[in-house]
């Protein structure tokens with residue numbers, strides 16, 4: 015897959031790329047068909063998204079982004095099956111061409127991030143209002159309808175903007191090629207790069223204290239694992255309190271991480287590897303079409319980011335108590351870290367599995 019240019023001259027338009035469908039030259043009796051390579055690429059994406067959906071997805075679907083996760087997985091299944099049919103049947107017998115699938119797939123997936131991020135943030139911010147006024151079944155139905163509308167506008171955009179015609183490229187010294195125009199998701203690229211840079215510069219002034227803060231949070235997490243079966247709201251057992259006090263680990267008022275920094279650490283502890291690898295690929299010039307880059311890994315990262323921002327905004331009035339859906343980030347533990355609490359000061363409810371995850 016080759017990019018037309020490293021940067022699009024019009025920043026409002028997605029970056030165009032060329033998917034090489036066939037290659038041939040005078041020395042080859044038959045052209046080289048790359049359809050199978052695109053099929054296996056989508057198959058790998060489908061496998062990774064399936065694993066993420068099983069391990070990270072929220073089963074109740076009362077949040078908008080949880081329904082979006084399911085919809086992306088179903089779209090992966092559909093696109094992979096259609097591309098498999100195009101590969102097995104061949105260009106002559108397939109009712110949808112490979113170029114049609116790749117071009118429309120990239121344009122459709124590329125139109126998803128903006129409405130999903132906007133509606134997802136709105137859903138989290140108004141979560142308390144929805145919970146009081148509407149039942150869980152109504153919220154699930156609302157999320158399904160909104161998700162269908164998001165996909166509908168993406169499909170309409172793709173139908174009106176893409177070109178599904180194969181273009182022949184030829185050079186005097188190289189092989190000839192049939193190529194198809196596909197799109198990159200500029201918003202996903204900008205989101206990942208911006209989040210990585212902002213987080214990196216925000217952490218630099220506190221770099222020397224970060225390992226100690228993360229270690230303390232991990233200690234709290236391990237204590238939660240030990241106390242998982244407890245349901246009492248009393249303080250932790252006295253022997254554990256004495257052990258903590260004997261260790262001499264105490265927070266000074268000036269040595270606490272501010273809340274925004276503590277929640278940023280909670281986010282980056284889990285998502286920095288994904289952000290770092292993605293930025294490294296961007297620096298190396300590895301451009302990825304939207305039907306690959308818009309995946310459940312990006313959606314879960316976005317979900318954690320939006321949940322963290324909402325948790326931070328609501329924690330000013332509600333403390334660590336929140337009705338946000340479960341996330342891979344340990345928001346409540348890092349909230350207590352920002353308050354400078356020792357393990358012996360934390361109520362056991364903090365470590366209860368049902369109230370711990372946000």
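In my numbering, the protein residues as written are 15 to 372.
Here a beta-carbon is modelled for each residue, glycine too, at the ideal position from N, C-alpha and C.
Got a sec, what are the start and stop residues for the alpha helix (DSSP H) residue i sits in?
| i | result |
| --- | --- |
| residue 346 | 345 to 352 |
| residue 291 | 273 to 297 |
| residue 102 | 78 to 107 |
| residue 181 | Per DSSP, residue 181 belongs to no alpha helix (DSSP H); it is in the beta strand (DSSP E), 181 to 183. |
| residue 150 | 150 to 175 |
| residue 216 | 200 to 217 |
| residue 50 | 49 to 70 |
| residue 125 | First-last for residue 125: undefined, no H or E at that position. |
| residue 316 | 310 to 332 |
| residue 238 | 224 to 240 |
| residue 305 | 304 to 307 |
Report the rounded CA-to-CA distance for residue i versus residue j, giving the unit in angstroms.
| i | j | result |
| --- | --- | --- |
| residue 299 | residue 143 | 44 Å |
| residue 351 | residue 54 | 45 Å |
| residue 276 | residue 349 | 7 Å |
| residue 104 | residue 77 | 41 Å |
| residue 85 | residue 322 | 23 Å |
| residue 180 | residue 158 | 36 Å |
| residue 154 | residue 39 | 55 Å |
| residue 306 | residue 222 | 37 Å |
| residue 113 | residue 52 | 11 Å |
| residue 205 | residue 50 | 31 Å |
| residue 228 | residue 279 | 8 Å |
| residue 109 | residue 90 | 19 Å |
| residue 172 | residue 331 | 43 Å |
| residue 291 | residue 302 | 13 Å |
| residue 65 | residue 311 | 10 Å |
| residue 106 | residue 99 | 12 Å |
Please state whether the Cβ-Cβ distance between residue i and residue j is less than 7 Å.
| i | j | result |
| --- | --- | --- |
| residue 289 | residue 194 | no |
| residue 309 | residue 63 | yes |
| residue 231 | residue 68 | no |
| residue 199 | residue 127 | yes |
| residue 210 | residue 283 | no |
| residue 134 | residue 183 | no |
| residue 119 | residue 87 | no |
| residue 56 | residue 97 | yes |
What residue range does the beta strand (DSSP E) around residue i cover?
| i | result |
| --- | --- |
| residue 196 | 190 to 197 |
| residue 33 | 30 to 38 |
Please report the Cβ distance between residue i and residue j, rounded to the nearest whole angstrom; I am assuming they are in contact, meaning their Cβ atoms lie under 8 Å.
| i | j | result |
| --- | --- | --- |
| residue 326 | residue 285 | Actually they do not touch by this definition, with Cβ atoms about 16 Å apart. |
| residue 197 | residue 30 | 6 Å |
| residue 164 | residue 129 | 5 Å |
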